[in-house]
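Under this note's numbering, the residues of the sequence shown are numbered 3 to 339, in order.
C-beta atoms are modelled at their ideal positions from N, C-alpha and C, and glycine is treated no differently.
Fair warning: this is a prediction, and the values are worked out from it, not measured in the lab.
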Amino acid sequence: MILTTLEYLLYERLLMGFYNGLGPINFITLIAFLAAFVSVYSVWRILLVRDPLSGRARTLKRYREDLQSGLTRPQASAHRKVAAVGFMSQVIQRLNLMRSRHAAKTAKQLMAAGWRSKEAIVTFLFFKICLPAVFGISAVLFLYVLGSFNLSPLGKLFTSLALVLLGFYAPDIYVHNQTQKRRKELQKGLPDALDLLVVCSEAGLGIDAALARVARELGKSSPEVADEFGVASVELGFLPERRKALENLAERANIPAIRGIVNTLMQTEKYGTPLANSLRVLSQEFREERMLKAEEKAAKLPATLMIPLILFILPTLFVVILGPAVLRIIDGLGGLL
């Protein structure tokens with residue numbers, strides 16, 4: 003009951019602030035509400051236990067079925083209609099965006115971020131179109147209709163344009179951040195994956211079987227590497243050219259380490275060179291590179307900590323040490339005066 007009353011008072015204060023102009027108190031209340039929501043959501047995300055194996059298995063199964071259907075039915079059109087995925091799919095189909103060149107480029111970007119389904123492409127294109135309109139309408143509503151924030155006409159115009167640009171580039175920024183994060187995880191898990199590939203190759207397994215086995219073993223410790231190797235093993239079994247499957251692996255990951263592995267596997271496929279020795283050398287190089295990067299970060303740590311030390315720790319320390327002395331001096335001068 004108390005929480006409901008507080009929520010009602012909070013909503014009433016915010017609505018009155020939007021109608022009368024968002025004052026300092028209402029603005030601080032809004033920021034506190036958003037900060038509390040973000041804190042609770044962050045703690046919930048940290049405590050949430052996720053199993054990457056089930057989702058990755060479903061994704062690989064669906065990708066295998068798509069490859070099999072595409073190879074057994076080559077007469078199907080390359081621009082066939084996208085399966086219905088709700089309202090977003092209908093909007094994208096009416097605007098005919100799936101047949102544009104931007105859709106192919108978007109598909110490559112999403113594959114680099116780990117999203118390969120058609121639903122991901124439809125969702126990305128939908129938000130790419132709708133977010134600028136949503137942000138622009140919200141800016142017009144709050145700045146011009148409700149008169150919030152008390153900005154000048156030029157400030158309202160620049161704020162509206164900035165929000166529209168933010169809505170346009172927000173999906174690209176999100177995908178770029180996810181891609182960079184995924185590449186870092188791939189770089190981190192490659193040495194262990196190469197060690198397992200060496201063991202599998204020395205045991206007599208082929209490249210596709212070795213990749214599939216490594217994908218199963220690294221499902222929990224490094225799901226990104228397991229996902230890429232799993233897709234590569236599926237493509238090696240279904241695509242007519244095995245070289246194309248390895249090239250797709252290098253194109254999806256787009257990091258030098260994966261390209262080195264792909265070149266080694268291609269050389270093995272073409273010339274029959276020993277695979278275990280080459281992979282062992284690559285694994286050692288990757289481990290040394292990872293150690294050098296860790297040492298580089300450790301060397302930069304004192305310079306990085308200097309700014310928060312000066313801004314947050316030293317002022318507090320000066321207040322604690324010099325505060326009593328300053329108060330005594332003020333009391334002494336006050337007594338003399």
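Item, Value
"Test item: CB-CB of Ile123 and Ala105 under 8 Å", "yes"
"Cβ neighbour criterion (16 or more within 10 Å) applied to Lys130", "buried"
"Nearest-angstrom Cβ-Cβ length linking Leu251 and Val236, presumed shorter than 8 Å", "With a Cβ gap of about 11 Å, Leu251 and Val236 do not count as contacting."
"Short Cβ contact (8 Å threshold) for Leu421 with Asp210", "Residue 421 is absent from the structure shown; the chain starts at 3 and stops at 339."
"Span of the alpha helix (DSSP H), counted from its first residue to its last, around Thr275", "Here Thr275 belongs to no alpha helix (DSSP H), and DSSP marks it neither H nor E."
"Inter-residue spacing [alpha-carbon to alpha-carbon] between Val200 and Tyr273", "18 Å"
"CB contact flag (Leu248, Leu220, <8 Å)", "no"
"Beta-carbon proximity list for Gln180, same chain, < 6 Å, skipping 5 on both sides", "Ala115"
"Backbone CA spacing between Ala305 and Ala296 [nearest angstrom]", "15 Å"
"Three-state secondary structure assigned by DSSP to Gly149", "coil"
"Backbone CA spacing between Arg185 and Tyr43 [nearest angstrom]", "26 Å"
"Any alpha helix (DSSP H) of 4 or more consecutive residues that is wholly inside the stretch 239-325", "244-255, 258-273 and 277-310"
"Buried/exposed call for Gly169, threshold 16 Cβ in 10 Å", "buried"
"Cut-off 7 Å between Cβ atoms - residues of its own chain near Ala212, not counting five sequence neighbours on either side", "Leu199, Cys202 and Ser203"
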